[in-house]
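Novice: Residue 10 is where the sequence shown starts when you use my numbering, and the numbers rise one by one after that.
Positions of the beta carbon are idealized from the N, C-alpha and C atoms, including for glycine.
As the structure is a computational prediction, the values presented were derived from the model and not from experiment.
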Amino acid sequence: MKVCKTCNAGCCRAFRVPVTGFDILRIMRTIDIDPYFFCGVEEITGERLEKALGKDPLFLFTDRGEPKYFEIYLKSVEGKYFGFHGKCIFLQEWDAKELNSQEIDGIIGRCGIYDCRPLTCRTYPSKIDKDGKLYMFDPYYEHTDPENKRWQALPYGLCPRPIEQEDFRAGVNEYIKNLLHANYEMEFFIELSKKWNQNPDISDKFIEFLEKEYQDRLPFRVKDSE
Numbered sequence: 010m011k012v013c014k015t016c017n018a019g020c021c022r023a024f025r026v027p028v029t030g031f032d033i034l035r036i037m038r039t040i041d042i043d044p045y046f047f048c049g050v051e052e053i054t055g056e057r058l059e060k061a062l063g064k065d066p067l068f069l070f071t072d073r074g075e076p077k078y079f080e081i082y083l084k085s086v087e088g089k090y091f092g093f094h095g096k097c098i099f100l101q102e103w104d105a106k107e108l109n110s111q112e113i114d115g116i117i118g119r120c121g122i123y124d125c126r127p128l129t130c131r132t133y134p135s136k137i138d139k140d141g142k143l144y145m146f147d148p149y150y151e152h153t154d155p156e157n158k159r160w161q162a163l164p165y166g167l168c169p170r171p172i173e174q175e176d177f178r179a180g181v182n183e184y185i186k187n188l189l190h191a192n193y194e195m196e197f198f199i200e201l202s203k204k205w206n207q208n209p210d211i212s213d214k215f216i217e218f219l220e221k222e223y224q225d226r227l228p229f230r231v232k233d234s235e
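As structure tokens, this is what we get:
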């Protein structure tokens with residue numbers, strides 16, 4: 010979107026980015042990097058586990074002995090400018106003053122793997138609602154509630170200004186394609202989690218499992234409109 014050109018990447022700092030097997034393998038192959046460098050996990054327990062099990066891609070890993078459920082996401086690291094608040098491991102940062110920028114103030118944030126970024130990033134801030142219709146929300150208002158202490162404590166907002174219709178209009182076809190692809194990949198990844206969890210193993214064997222499962226899978230295709 011046009012507004013992203015003047016953004017300090019609040020979404021890349023505020024959220025953990027969930028990834029599918031498709032995302033992991035694409036990043037790994039595109040930039041030739043070990044996925045254990047950029048993938049992080051979080052153990053899921055209690056009420057959160059009860060709500061997510063069977064609906065989200067949770068994987069049982071046995072690295073600690075007894076199998077535990079984990080969610081996979083892109084790692085967060087300490088940022089150069091916002092310190093302990095963290096950022097996506099692939100987010101690049103510059104001070105606009107150091108670059109003598111005439112267009113942007115403050116900290117410039119750009120994705121370091123834009124061409125192979127995860128589907129979650131490609132679809133944000135759009136969704137497909139329960140009726141199968143495209144839904145887009147405005148992050149500027151969605152997370153500026155004065156009662157929300159979490160957002161008040163952060164040194165950045167999700168968007169530098171309210172989103173306008175024109176911001177979405179220019180890329181609506183791409184959003185639709187990416188949303189369909191994301192739903193397709195998520196459904197497949199959930200099924201893979203069920204298959205893996207039938208015979209859980211240590212995380213070191215996970216990428217080998219992914220490569221085997223995706224090797225013979227039919228790829229996602231969208232027919233171009235005439």
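Straight-line CA distance for K221 to G115?
Specialist: 45 Å
Novice: What span of residues does the alpha helix (DSSP H) with L83 cover, start to end?
Specialist: Careful: L83 lies outside any alpha helix (DSSP H), inside the beta strand (DSSP E) at 77–83.
Novice: Let me check understanding here. Comparing Cα to Cα, which of C120, Y78, G30, G74 lies closest to G19?
Specialist: Closest by alpha carbon: C120.
Novice: From N182, P134, Q174, pick the residue whose C-alpha is nearest to that of L167; which is it?
Specialist: That would be P134, whose Cα lies nearest to the Cα of L167.
Novice: Can you tell me the Cα-Cα spacing of E183 and N109, whole angstroms?
Specialist: 33 Å
Novice: Would F47 and F99 be called neighbours here (beta carbons separated by less than 9 Å)?
Specialist: yes
Novice: What separation, rounded to the nearest whole angstrom, lies between the Cα atoms of D72 and S212?
Specialist: Approximately 7 Å between the Cα atoms of the pair.
Novice: Reducing DSSP to helix, strand and coil, say where C168 ends up.
Specialist: In this structure, C168 counts as coil in the three-state DSSP scheme.
Novice: With a cut-off of 8 Å on the beta carbons, I'd call V26 and P171 a contact; round off their distance for me.
Specialist: With a Cβ gap of about 24 Å, V26 and P171 do not count as contacting.
Novice: When the Cα atoms are used, what is the spatial distance from D65 to I199?
Specialist: Spanning the two alpha carbons is a distance of roughly 6 Å.
Novice: Relative to the C-alpha of F31, which candidate in I53, E80, H190 has its C-alpha closest?
Specialist: H190
Novice: Within the same chain, show all residues whose beta-carbon is closer than 8 Å to that of Y82, passing over the 5 residues directly before and after it, in chain order.
Specialist: R25, V26, P27, V28, C48, G49, V50, E51
Novice: Could you give the C-beta distance for I53 and L69, rounded to a whole number, given that I count them as a contact under 8 Å?
Specialist: Not confirmed; about 10 Å, so no contact.
Novice: Work out the CA separation of N208 and F218 for me, nearest whole Å.
Specialist: 11 Å
Novice: Can you give me the start and stop residues for the beta strand (DSSP E) that D104 sits inside?
Specialist: 100–104
Novice: Kindly list the residues whose CB is nearer than 7 Å to the CB of I216, restricted to its own chain and excluding five residues on each side of it in sequence; keep chain order.
Specialist: P44
Novice: In angstroms with no decimal places, state the Cα-to-Cα distance between L62 and E196.
Specialist: 13 Å
Novice: Do Q101 and G118 have their beta-carbon atoms positioned less than 9 Å apart in this structure?
Specialist: yes
Novice: Cα-Cα, which of D41, I40, Y223 is closest to L201?
Specialist: Y223
Novice: Distance, Cα to Cα, V86 vs C97?
Specialist: Straight-line measurement puts the Cα of C97 at about 6 Å from the Cα of V86.
Novice: What's the gap between the Cα of S234 and the Cα of E56?
Specialist: Its pLDDT being 44, under 50, S234 is placed unreliably in this model, and the coordinates cannot settle the point.
Novice: Between the Cα of R22 and the Cα atoms of P76, H94, E80, I40, which residue gives the shortest distance?
Specialist: H94
Novice: Would Y123 be called buried (16 or more neighbouring beta carbons within 10 Å of its own) or exposed?
Specialist: exposed
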